[in-house]
Amino acid sequence: MHDIEVLKPSNTGRLIADVIPDTEAYLWSRTTVDNKLLQTLKDERYQPYVVFPEEYIFDNRPVVKELDSLSTSKTPLFVMLDGSWQEAKKMFRKSPYLTNMPVISLSNDTLEALSFKSEYFLRKASKEGQLSTAEVASLLLQLNNDHLPSMHLLLWSELFSYRYQKSVCQTNLANPDVEQRYQAFLSNLPSR
Numbered sequence: 001m002h003d004i005e006v007l008k009p010s011n012t013g014r015l016i017a018d019v020i021p022d023t024e025a026y027l028w029s030r031t032t033v034d035n036k037l038l039q040t041l042k043d044e045r046y047q048p049y050v051v052f053p054e055e056y057i058f059d060n061r062p063v064v065k066e067l068d069s070l071s072t073s074k075t076p077l078f079v080m081l082d083g084s085w086q087e088a089k090k091m092f093r094k095s096p097y098l099t100n101m102p103v104i105s106l107s108n109d110t111l112e113a114l115s116f117k118s119e120y121f122l123r124k125a126s127k128e129g130q131l132s133t134a135e136v137a138s139l140l141l142q143l144n145n146d147h148l149p150s151m152h153l154l155l156w157s158e159l160f161s162y163r164y165q166k167s168v169c170q171t172n173l174a175n176p177d178v179e180q181r182y183q184a185f186l187s188n189l190p191s192r
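The opening residue of the sequence shown carries number 1 in the UniProt record's numbering; numbering runs sequentially from there.
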């Protein structure tokens, strides 16, 4: 997570941890790296993938477009660069510990195949297909056949967007029935 992003009230990266219990977040710095992050990236149980748009990749690293093609011998570890597009591009370029990792890129074709349309209206995307961090995480879960957590995260993100817009008195572009949809989803969850 970019060190500025953590302070933004419109940040959706933190929503992932609300729904996915084994989520870890690390503040990014150009000059220092969290040792726990480095240990996790080197852990033999995991295969780390940087989640990043293919169009911004400046080197020849492998790009994965289908989760079916991932190695099954290790657990995939998705490294998400949480920040504005400008901040995420900077993190990608200035983080040498990420350079040897393959990239997972969600293309517009993938979004179309899933009939996915962003419901994140808190920041303006400069290009089509630019999604919030929580939306990207939800799509990765869906593509990994983790449908229940995917839907939970997506609805939580939509509800966050709706309530945030409502609280700041701006024109609310979010779907007003999201509160009822989220409550219906929660009431249908299996008991723990």
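No residue lacks a Cβ here, since even glycine has one placed at the ideal position from N, Cα and C. Source: prediction; values computed, not measured.
Open item on the list: Taking the beta carbon of Ala137 as the centre, do at least 16 other beta carbons fall within 10 Å, making it buried, or is it exposed?
Closed with: A residue is called buried once 16 or more other Cβ atoms fall within 10 Å of its Cβ, and Ala137 is buried on that count.
Open item on the list: Is the separation between the beta-carbon of Ile16 and that of Ala134 shorter than 7 Å?
Closed with: Taking C-beta atoms as the reference points, Ile16 and Ala134 count as a pair closer than 7 Å.
TODO: Indicate whether Pro102 and Val64 have their beta-carbon atoms separated by less than 7 Å.
DONE: Their beta carbons are under 7 Å apart, which means Pro102 touches Val64 by this criterion.
TODO: Using DSSP bridges, identify the partner residues of Thr75.
DONE: BP columns for Thr75 point to Tyr46.
Open item on the list: Using the three-state DSSP reduction, which class does Met80 fall into: helix, strand or coil?
Closed with: Here Met80 sits in strand by DSSP.
TODO: Name, in chain order, the residues that DSSP records as bridge partners for Ile104.
DONE: Val51 and Val64, per the DSSP bridge assignment.
- [ ] Locate the alpha helix (DSSP H) running through Ile16, then write down its first and last residues.
- [x] For Ile16, the enclosing alpha helix (DSSP H) begins and ends at Gly13 to Val19.
Open item on the list: Only counting the same chain, and skipping five residues up and downstream in sequence, which positions put a Cβ closer than 8 Å to that of Thr23?
Closed with: Closer than 8 Å at the Cβ level, and outside the excluded window around Thr23, lie Ile16 and Ala17.
Task: Rounded separation between Glu158 and Leu77 - CA only - done: If you take the alpha carbons of Glu158 and Leu77, they lie about 25 Å apart.
TODO: Would you mind reading off the limits of the alpha helix (DSSP H) that contains Leu141?
DONE: Where Leu141 is concerned, the enclosing alpha helix (DSSP H) stretches over Thr133 to Leu143.
Open item on the list: With distance defined between alpha-carbon atoms, name the residue in Val33, Val50 and Met80 nearest to Arg14.
Closed with: Cα-wise, what sits closest to Arg14 is Met80.
Open item on the list: How far does the alpha helix (DSSP H) with Phe92 in it extend, from its first residue to its last?
Closed with: For Phe92, the enclosing alpha helix (DSSP H) has its first and last residue at Trp85 to Arg93.
- [ ] Measure the Cβ-Cβ separation of Glu54 and Ser105 and say whether it is below 7 Å.
- [x] Note that the C-beta distance between Glu54 and Ser105 is below 7 Å.
- [ ] Could you name the residues of the same chain whose beta carbon sits closer than 8 Å to that of Tyr46, not counting the 5 residues immediately before and after it, in chain order?
- [x] Exclusion of the five residues before and after Tyr46 leaves Thr40, Lys74, Thr75, Pro76 and Leu77 as the residues of its chain whose Cβ lies within less than 8 Å of its Cβ.
Open item on the list: Rounded to whole angstroms, what is the Cα-Cα separation between Ala184 and Phe116?
Closed with: Near 21 Å, if we compare the C-alpha coordinates of Phe116 and Ala184.
Open item on the list: Please state the DSSP three-state secondary structure of Thr110.
Closed with: DSSP places Thr110 in helix when its eight states are reduced to three.
Open item on the list: Rounded to the nearest angstrom, what separates Lys90 and Arg181 at their Cα positions?
Closed with: Those two C-alpha atoms are separated by around 37 Å.
Task: Sub-7 Å separation of Lys94 and Arg163 beta-carbons - done: No, the Cβ-Cβ distance between Lys94 and Arg163 is not below 7 Å.
TODO: Compare the beta carbon distance of Leu98 and Val50 with 7 Å and say whether it is the shorter of the two.
DONE: Result yes, Cβ atoms of Leu98 and Val50 sit closer than 7 Å.
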